[in-house]
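**Q**
Protein chains: 2
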Amino acid sequence: MPRQRATGMVTIRDIARESGFSIGTVSIVLNDAPLARYMSPNTKQHIKEVAQRLGYSPNQFARSLRGSRSHTVGVMVIDVTDPFCTSILRGIESSLYKASYLSNFADAQNDLGRFERYLEMMLERRVEALIVIANWMLVDITLLSDLEKHRIPTVIVARELQADCVSSVLVDNQAGARMAIEHLYELGHRDIAFIRGPKAIGDIELRWNGIRSFARSAHLKLDPKLILEMPPIVDTNHTFEVAQKLTEELIKHKRHFSALMAYDDIAALGAMRALTKAGLRIPDQCSVVGFDDVAPAALASPPLTTIRQPMETMGSAAVEIVTSAIKAGLEKREFSTSHRKLMPELVVRQSTVRPE
Amino acid sequence: MPRQRATGMVTIRDIARESGFSIGTVSIVLNDAPLARYMSPNTKQHIKEVAQRLGYSPNQFARSLRGSRSHTVGVMVIDVTDPFCTSILRGIESSLYKASYLSNFADAQNDLGRFERYLEMMLERRVEALIVIANWMLVDITLLSDLEKHRIPTVIVARELQADCVSSVLVDNQAGARMAIEHLYELGHRDIAFIRGPKAIGDIELRWNGIRSFARSAHLKLDPKLILEMPPIVDTNHTFEVAQKLTEELIKHKRHFSALMAYDDIAALGAMRALTKAGLRIPDQCSVVGFDDVAPAALASPPLTTIRQPMETMGSAAVEIVTSAIKAGLEKREFSTSHRKLMPELVVRQSTVRPE
DNA sequence: TCCCGAAGTTCGATTTAAATG
DNA sequence: GCATTTAAATCGAACTTCGGG
């Protein structure tokens, strides 16, 4: 009785039978293995043709089982809905593609339970590395031990992490914030309001540090009455509304300020809404600066001046780290974790202008 | 010489050796296979303990090779950077998670070459189904034959597709457009400008049809001078600018209109920029309506009235279709492709108001 | 000895048929 | 014969070894 296969897939056996050569020969030819050097061009040509004709596509399960490589990298996004995360994702996928890796994808949806379950699933599938695109969600440390145990190279993008067994890629938040306030200062603004981000998030605190350090060096006084504090824990879905509320209060109290700087773009857009609703014209009556350069920033009216995080580059950097770690692992070399800090960039658009 | 393993993973063999039972027994116990019914509770207990202690995690490659199931679904996004696509993606991932599938992810980046290469990679990895999240990019028909050949259930989300071997999920574009214009009409608008989408995209033409059919039924005259046509092929990255330009021209020609309706949110935001720059107040001097309800729509000032596509639901529907198709395949039942059309919803925000 | 190709082993888990007390 | 357990075949590809000309 002829072999019966459940799947309609054509295997190396079929190629062998059809071409009249043995399985081994076919394997050698199709993989261009060293031994293929000694094979007659006719044989090679013929086998390749048959493979092409039958639409042969090697079974990765078999291959992976044998070689214990999956050619797959796990990519965990804390929130796919966040444009910041997706820009990084774009960079990651782009680089993975060039390196011929495919990704196992997971959207943690800001939920720690999901995060852990997905981690298990990725481990089961033997991903060769893991890239986590963070946002505000605090990533638990158990993650680290799990991965360390299995010797899977891991990178976290967009989050400062003290742990030493996980690599990281992030922007220089402090420098970025400094660039933003410096921009306002050079335009001539002295009465600047701030929306200060949630203190629970280390990265965002760094932005505040950048502001303070510039203020000190420029002898600029920061008026505490102009500093709006976001609650320590904010669901990112509410950033906009909370920022809007804070700004509305500020306006209601008739504080004077000629510019406003927010810890991220969404908060800046929330502030813009409050200003617009109050009848204030941007930028003539109030300049606004954000941080991130997320897509909606450029779509606002007026378009938002902001600090751009090189999101695609961050994604690519993460891939570079894991691919070299994988290579090192294959060659049994040691590979130490790396922590890359990239420079942001000031993008001047129409929401900032010299004060009247 | 004892067995030497490259990976540090513990296998079923280790459990067998450590527990003193055979490989088969261990497998039966750990999988709760039918035969496990006849096994002594002591044996089961013991084996499970050993597995637990050694931290056994079955090798999915081996499992998949044997069972020819990957428990993986391919998800191809034409553009991850598009917030419309990511909302659908959220729905897909959410449902896949519930069904215990993991996804192989690919971002085609609006590039047909990539699309095809990714298709190959997914085939190699034996995804059990494929979900494509479309946008404007025209998906080639070779895709279909490829998948049909391999009997992999496929769904396209957000695109009308004539082919019968691929399922589809999309919104009722015609009804949606009708809801939008009806909203303006009921507010009292009679001089309505339109930004009409690229004609090359069938779905978007349907929106225009919806408008025309309503106009006919309500005896509303559509002034050709108020109809702005997008060029037939627009890179989505330029939708905003092109829409802005068109609107600026309209304003320059001093045409009178009290409302403007765009074929999607990004175009609507482009129009809003043109209006704002011209000093026109929204909505007092001009109401604006979009389509999609993509994130930036709610963040604009004023927030945009629009037609919401149930994006997450669309993603879930796609997963439902493929999971039942997979189930049918396993049970060797026939499963016909389905084409689901979902209803959009009018979301009234502050960009529309009764005309002065 | 050189070249080409065949045969058999391995990877880890599942499952069937068979063997043990 | 029955209740338990196990050896052996299988999945598909890759690599090592071996043999014929």
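Quick mapping for you: the protein sequence lines, in order, are chains G and Z. Letter 66 of the first sequence, counting from 1, is numbered 66 in this note's numbering, and no numbers are missing. Letter 260 of the second sequence, counting from 1, is numbered 1260 in this note's numbering, and no numbers are missing. C-beta: ideal position from N, C-alpha, C; glycine also. What you are looking at is a predicted structure, and each value in this text was computed from that prediction instead of being measured.
Check whether the Cβ of Z/VAL1157 sits closer than 7 Å to any heavy atom of the ligand MG, and report yes or no.
**A** Questions concerning the ligand MG fall outside what the structure shown contains, since it holds no ligand whatsoever.
**Q** Which of the three DSSP states is assigned to G/ASP265 in this structure?
**A** The answer is helix: DSSP assigns G/ASP265 an H, G or I state.
**Q** Leaving out five residues before and five after G/GLN4 in sequence, what residues of the same chain have Cβ atoms less than 6 Å from its Cβ?
**A** With a pLDDT of 39 at G/GLN4, under the threshold of 50, the predicted position of this residue should be treated as unreliable, and no value is reported.
**Q** Output, in sequence order along the chain, the residues in the segment 111 to 138 of chain G whose CB is closer than 9 Å to any CB in chain Z.
**A** Within the segment 111 to 138 of chain G, the residues whose Cβ lies closer than 9 Å to some Cβ of chain Z are ARG114, ARG117, TYR118, GLU120, MET121, MET122, LEU123, GLU124, ARG125 and ARG126, listed in chain order.
**Q** For Z/ALA1259, which three-state DSSP category applies?
**A** The answer is strand: DSSP assigns Z/ALA1259 an E or B state.
**Q** For G/ASN135 and G/ILE92, which I take to be in contact (beta-carbon distance under 8 Å), what is that distance rounded to the nearest angstrom?
**A** Not a contact, Cβ separation roughly 15 Å.
**Q** What residues from chain G crowd round Z/ALA1300, counting only those whose CB sits closer than 9 Å?
**A** Within chain G, the residues near Z/ALA1300 are LEU269, ARG273, PRO296, LEU299, ALA300 and SER301.
**Q** Excluding the five sequence neighbours on either side, which residues of its own chain have a C-beta within less than 7 Å of the C-beta of G/ASN173, listed in chain order?
**A** Same-chain partners within the cutoff: ASP203, LEU206, ARG207 and GLY210.
**Q** Leaving out five residues before and five after G/ARG90 in sequence, what residues of the same chain have Cβ atoms less than 7 Å from its Cβ?
**A** Around G/ARG90: GLU312 and GLY315.
**Q** How big is the Cα-Cα spacing for Z/ALA1278 and G/GLU186?
**A** Cα to Cα, Z/ALA1278 sits roughly 29 Å from G/GLU186.
**Q** With H, G and I counted as helix, E and B as strand and the rest as coil, what does DSSP make of G/LEU170?
**A** Strand at G/LEU170.
**Q** Let me see if you follow: with CB-CB separation under 8 Å, is G/ARG333 close to chain Z or not?
**A** Closer than 8 Å: no.
**Q** Fully enclosed by the segment 1189 to 1256 of chain Z, which alpha helix (DSSP H) runs are 4 residues long or longer?
**A** Listed in chain order, the complete alpha helix (DSSP H) runs (minimum 4 residues) inside the segment 1189 to 1256 of chain Z are 1202 to 1218 and 1239 to 1252.
**Q** Determine which residues share a DSSP beta bridge with G/MET76 and list them.
**A** G/ALA106 and G/VAL132.
**Q** Determine, using beta carbons only, whether G/VAL166 and G/VAL322 come nearer to each other than 8 Å.
**A** The answer is no: Cβ separation not under 8 Å.
**Q** Assuming Z/ARG1340 is part of the alpha helix (DSSP H), what are its boundary residues?
**A** Looking at the DSSP string, Z/ARG1340 is not in any alpha helix (DSSP H); the run it does join, the beta strand (DSSP E), is 1339 to 1342.
**Q** Would you call the segment 1239 to 1251 of chain Z and the segment 1259 to 1272 of chain Z touching, i.e. three or more CB-CB distances under 8 Å?
**A** At 8 Å Cβ cutoff, the stretches touch.
**Q** Tell me, which residues are paired with Z/LEU1346 by DSSP?
**A** In the DSSP output, where bridge partners are listed per residue, Z/LEU1346 has Z/ILE1307.
**Q** Closer than 8 Å, CB to CB, is Z/TYR1056 near chain G or not?
**A** Z/TYR1056 does not count as touching chain G.
**Q** In whole angstroms, what is the alpha-carbon distance linking G/ARG151 and G/ILE88?
**A** Taking the straight line joining both Cα atoms gives about 24 Å.
**Q** Anyone know if the C-beta pair for Z/PRO1303 and Z/THR1352 falls short of 8 Å?
**A** Not a contact, by the Cβ cut-off of 8 Å.
**Q** For G/LEU275, I'd like the list of residues in its chain whose CB is within less than 7 Å of its CB, leaving aside the five on either flank, ordered along the chain.
**A** Taken in chain order, the residues that qualify are THR247, ILE282 and CYS286.
**Q** Which whole-angstrom value is the C-beta distance of Z/ALA1318 and Z/VAL1155, which I expect to be below 8 Å?
**A** So it is a contact: roughly 5 Å between Cβ atoms.
**Q** Residues of chain G with CB under 8 Å from Z/LEU1246, in chain order?
**A** Neighbours of Z/LEU1246 on chain G: none; closest Cβ ~16 Å, over 8 Å.
**Q** What's the gap between the Cα of G/PRO296 and the Cα of G/ALA106?
**A** If you take the alpha carbons of G/PRO296 and G/ALA106, they lie about 24 Å apart.
**Q** Z/GLN1060 CB to nearest chain G CB: under 8 Å?
**A** True, the Cβ-Cβ gap to chain G drops below 8 Å.
**Q** So is Z/PRO1344 buried or exposed if we call it buried at 16+ other beta carbons inside 10 Å?
**A** With 16 or more Cβ atoms within 10 Å of its Cβ, Z/PRO1344 is classed as buried.
**Q** Applying a beta-carbon distance threshold of less than 7 Å, which residues of chain G neighbour Z/ARG1090?
**A** Result: VAL80, THR81 and ASP107.
**Q** Got a sec? Which residues, its chain only, sit under 6 Å from G/LYS98 by beta carbon, not counting five neighbours each side?
**A** Correct list: empty, nothing qualifies.
**Q** Between the Cα of G/ILE251 and those of G/ILE266, G/ALA271, G/PHE240 and G/PHE214, spot the shortest distance and give me the residue it belongs to.
**A** Looking at the Cα atoms, G/ALA271 is the closest of the given residues.
**Q** If you check the beta carbons only, do Z/LEU1342 and Z/VAL1171 fall under 8 Å apart?
**A** Result yes, Cβ atoms of Z/LEU1342 and Z/VAL1171 sit closer than 8 Å.
**Q** If we define contact as Cβ-Cβ less than 8 Å, is Z/LEU1222 a contact residue for chain G?
**A** It does not; no Cβ of chain G falls within 8 Å.
**Q** Tell me, please, which residues DSSP counts as bridged to G/ILE156.
**A** Answer is G/VAL132 and G/SER168, bridged to G/ILE156.
**Q** Does DSSP put Z/ASP1146 in a helix, in a strand, or in coil?
**A** In the structure shown, Z/ASP1146 sits in a helix (DSSP, three-state: H, G or I).
**Q** Looking at C-alpha atoms only, which residue of Z/LEU1346, Z/ILE1133, Z/THR1305 and Z/GLN1162 is the closest neighbour of Z/HIS1339?
**A** Residue Z/GLN1162 is the option with its Cα nearest to Z/HIS1339.
**Q** Just verifying my parser: in three-state terms, what is the DSSP assignment at G/VAL322?
**A** In this structure, G/VAL322 counts as helix in the three-state DSSP scheme.
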